[in-house]
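Numbering (this note's numbering), first residue to last: 16 to 148. Ideal Cβ positions, reconstructed from N, Cα and C, are used throughout, including at glycine. These numbers were taken from a predicted model, which means no experiment stands behind them.
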Amino acid sequence: MVRITAPGWSVDVGDAEVVFGRALRAGEGEPDLPRVWAGRGLGLRDEDVPAFVGALGDVMATSQFWHARRAGAGRGSEQIWSVPLMRNGFTYVTGPCGRWNNTAGHRPAETFSVAPADVRGLRIRLAAHLHTG
């Protein structure tokens, strides 16, 4: 397990999953946390997206990411993630985020996971979104 501390994010990179953490800052409440629809998608506050893209880049520099990519674990393509949608101060993407369960809708979460090989596609989608902003 590799621990990465990026601005605003804590990241634990394992062989099977990457766990991202975003703690509440002073003056924030649960509505400010990332929103996860288990197994289906992710919503980040618009102002959190640039630092999150940086954290994704840090994950891509780990041996766990490259082992997963080489092994063909996960899909690795940006096509598994939707084009980002901005709504009510959040940027949403659909894709394989978290573990699937029967809950419906996005829920605030302090932590969420993504398969190591799926990190690249998420970074491509969000970085392109920032670039075309």
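query = Where does R50 land, buried or exposed, given buried means 16+ other C-beta within 10 angstroms?
reply = Sequence index remark: in the sequence shown, residue 50 carries index 35 (1-based). Buried, because 16 or more other Cβ atoms sit within 10 Å of the Cβ of R50.
key: Between the CA atoms of E45 and M75 - distance to the nearest angstrom   = To locate residue 75, count along the sequence shown from 1; it is residue 60. To locate residue 45, count along the sequence shown from 1; it is residue 30. M75 and E45: Cα-Cα distance of roughly 29 angstroms.
message = Please identify the residue among S97, A124, P99, A53 whose C-alpha is closest to the C-alpha of A38.
response = In the sequence shown, residue 38 corresponds to position 23, counting from 1. Nearest of S97, A124, P99, A53 to A38, Cα basis: A124.
query = DSSP beta-bridge partners for G136?
reply = Walking along the sequence shown from the start, residue 136 turns up at place 121. Beta-bridge pairing links G136 to no other residue.
key: Whether G154 touches L137 by CB criterion (8 angstroms)   = Nothing can be reported for residue 154: it is not among the residues displayed for the chain, which extend from 16 to 148.
task = Report all residues from its chain with a CB closer than 7 angstroms to the CB of M101; omit the five preceding and five following residues, and keep chain order.
result = Walking along the sequence shown from the start, residue 101 turns up at place 86. Excluding positions up to five away in sequence, the list reads D61.
task = Just confirm the distance between the C-beta atoms of V2 and C112, as a whole number of angstroms; I'd bet it's less than 8 angstroms.
result = Given a span of 16 to 148 for the chain in the structure shown, any question on residue 2 remains unanswerable.
ask   = Using the beta-carbon count (16 or more within 10 Å), is A53 buried or exposed?
value = Indexing the sequence shown from 1 puts residue 53 at position 38. With 16 or more other Cβ atoms within 10 Å, it is buried.
key: CA-to-CA distance, Y107 to F35, given in whole angstroms   = Locating residue 35 in the sequence shown gives position 20, where the first residue counts as 1. Locating residue 107 in the sequence shown gives position 92, where the first residue counts as 1. Each residue's alpha carbon lies about 16 angstroms from the other.
query = For R114, does the three-state DSSP call read helix, strand or coil?
reply = Position 99 of the sequence shown, counted from the start, is the residue given in the question as residue 114. Looking at R114 - three-state DSSP - the assignment turns out to be coil, as it is neither helix nor strand.
query = With C-beta atoms as the reference, is F80 less than 8 angstroms away from V134?
reply = What you label residue 80 is simply residue 65 of the sequence shown in a count that begins at 1. What you label residue 134 is simply residue 119 of the sequence shown in a count that begins at 1. In contact: F80 and V134 (Cβ atoms closer than 8 angstroms).
inquiry  = Could you give the first and the last residue of the continuous beta strand (DSSP E) run that contains W96?
reply    = For the purposes of this step, residue 96 is identified with residue 81 of the sequence shown, where counting begins at 1. W96 -> no beta strand (DSSP E), and no H or E assigned at all.
query = If you run the structure through DSSP and keep just helix, strand and coil, what is D30?
reply = Within the sequence shown, the letter at position 15 stands for residue 30. Three-state result, D30: coil.
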